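In the numbering used here, the protein residues as written are 49 to 259.
Here a beta-carbon is modelled for each residue, glycine too, at the ideal position from N, C-alpha and C.
Quantities reported herein were computed from a predicted structural model and do not represent experimental measurements.
In what follows, a structure is listed as structure tokens, so that the remarks can point back to it.
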């Protein structure tokens, strides 16, 4: 049920989305495919990022939640003006993104919001940020974090902060070229040390201001 996409708008605007549907199997895959189709279709009508998200939320609510299917979608997204480098972060119940700042430090940033479809009205507070040259945003799905709890060497008690462990893990690859960073974050993930079936999808999306 993982989903990611990007849309390029006129006026040098970029919209990047990363999502995860609750549950597994065919129903989750159906929502993911429908979401991609809805976003791609309504983006042609010169809507704002906010309007696209409102339409996606309404579609999930009407087609799945109101029909008692109880399927929701978490989503992290960023809308970027590539001329001014100003951006708006959105988060709807999704794992919070990390940002590599101009000093090279990894920090979690926490825009707030509830999962798409949880209400008929979009629930969330957009967070404006500015991206400096070389800064990166890391979006990911919860499988990359939750699977760490299955690795005994990392600690398996309730006090273990797996998001902090994942943050430290990202630090190893924060300066790699983007494609290589994505490849190595997935390839070297500690979960694969235990040689068990992968419990969930793993998705990582990196956005960088190049100049």
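Contacts around residue i, its chain only, beta-carbon distance under 6 Å, and the 5 residues preceding and following it disregarded
i	result
residue 187	66, 124, 145 and 253
residue 248	191
residue 139	124, 159 and 161
residue 255	64 and 185
residue 174	136 and 138
Pick from the options that is closest to residue i, judged by C-alpha positions
i	options	result
residue 176	149, 50, 133 and 77	133
residue 241	199, 219 and 223	199
residue 158	151, 168, 149 and 142	142
residue 93	110, 82, 55 and 121	55
residue 109	189, 217 and 168	168
residue 85	100, 216 and 74	100
residue 212	129, 224, 194 and 226	194
residue 172	150, 156 and 136	136
residue 156	97, 244 and 218	218
residue 58	75, 216, 96 and 71	96
residue 178	127, 226 and 153	127
residue 183	224, 245, 73 and 210	224
residue 153	259, 220, 52 and 106	220
Expected contact under 8 Å - CB spacing of residue i and residue j to nearest Å
i	j	result
residue 170	residue 102	5 Å
residue 69	residue 88	Rounded, the Cβ-Cβ distance is 17 Å, inconsistent with contact.
residue 104	residue 83	6 Å
Neighbourhood of residue i by C-beta, 7 Å cutoff - its chain only, sequence neighbours within 5 removed
i	result
residue 112	79, 119 and 165
residue 226	254 and 256
residue 261	This structure cannot settle anything about residue 261, because the visible part of the chain is limited to 49 through 259.
residue 90	100 and 103
Beta-carbon proximity check, residue i vs residue j, cutoff 7 Å
i	j	result
residue 163	residue 122	yes
residue 222	residue 148	yes
residue 234	residue 250	yes
residue 257	residue 181	yes
Neighbourhood of residue i by C-beta distance below 8 Å, restricted to the same chain and skipping five residues each side
i	result
residue 60	129, 130 and 131
Open item on the list: Quick check on the DSSP output: what are the complete beta strand (DSSP E) runs of length 3 or more inside the segment 93 to 170, in order along the chain?
Closed with: 121 to 129, 134 to 140, 146 to 148 and 154 to 156
- [ ] Could you tell me which uninterrupted beta strand (DSSP E) segments, each at least 3 residues in length, are contained entirely in the segment 59 to 87, listed from first to last along the chain?
- [x] 61 to 69
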